[in-house]
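Residue numbers (our numbering): 1 to 171.
Beta carbons are placed, not taken as given, at the ideal position from N, Cα and C, and that holds for glycine.
All figures in this text were calculated on a predicted structure; none of them were measured in a lab.
Here is the structure we will look at, set down as structure tokens.
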Amino acid sequence: MKKKIADAAFSLSGLSLSVGALGFLSGVVQLFIDTSIQLSVKWSLALGWLSLSIVLVLLKVIYDLHSEKKPAPPFETPIKYLPDQQILVIRRNDNFLNNIVVGCYFQYEEIDSLACLGVVHIVQEKVIQIRIVGGFIGQATAPTSTDSLSRLVVRPVVPIDALNQLPSAGT
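Spelled out as structure tokens, the structure:
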């Protein structure tokens, strides 16, 4: 409910209503105060109206910037490896959906080399489980230490020639 109220108050229509209400209040004040006699009242009303309008516009800009979401990174670093189940655990990321094929890459001196292929097995509230399919490729070994886990990067991008290494669904 608070979010709906905040969205309505900080929308462009809410902002224009606020500026209109300020103008109306300024007109009402001018009905009861003779601004031609007292010069300071006229200037103070104009400056107050202008500063309040600027504050409202800046609050709208701040609210819009705060409600923007940064896109999820296109990769994740594994948190944990479960060798008995062949499962890598990563933090939840919107780029990783159920049953997609992902590539696990070892990073060495800023160069990625394909280490294994995996399938997103279970998407949980805070983590995602990735089941390793077909074991580790080539010289790569299963990550056993935190150092080797930190060098491993999981991406939802797989080279086409690596897809031929996936075991068929019937076996």
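With DSSP collapsed to three states, give me the class of residue i.
i: valine 29; result: helix
i: phenylalanine 75; result: coil
i: leucine 88; result: strand
i: leucine 58; result: helix
i: phenylalanine 136; result: strand
i: alanine 97; result: Reading the sequence as shown, one finds leucine at residue 97 and not alanine. Residue state, collapsed to three classes: coil.
i: valine 173; result: The question about residue 173 has no answer, for the chain in this structure spans 1 to 171.
i: serine 113; result: strand
Residue i: which of the options sits nearest, CA to CA?
i: valine 57; options: Ala72, Tyr81 and Leu17; result: Leu17
i: lysine 126; options: Asp147, Ile132, Asp94 and Pro159; result: Asp94
i: phenylalanine 106; options: Ser150, Phe32, Ser26 and Asn98; result: Ser150
i: lysine 85; options: Gly118, Tyr63 and Val29; result: Residue identity check: residue 85 is glutamine in the sequence provided, not lysine. When each option's Cα is compared against that of glutamine 85, the closest is Gly118.
i: aspartate 147; options: Gly27, Tyr81 and Leu97; result: Tyr81
i: leucine 152; options: Gln30, Glu109 and Leu25; result: Glu109
Just list the residues that DSSP pairs residue i with in beta bridges.
i: leucine 152; result: Phe106
i: valine 127; result: Arg91
What does the Cβ neighbour count give for residue i, buried or exposed, with the cut at 16 atoms within 10 Å?
i: valine 102; result: buried
i: cysteine 116; result: buried
i: threonine 171; result: Note that threonine 171 has pLDDT 45, beneath the 50 cutoff, so the model's placement of it is unreliable and the number below is only indicative. Classification for threonine 171: exposed.
i: glutamate 68; result: exposed
i: isoleucine 132; result: buried
i: leucine 88; result: buried
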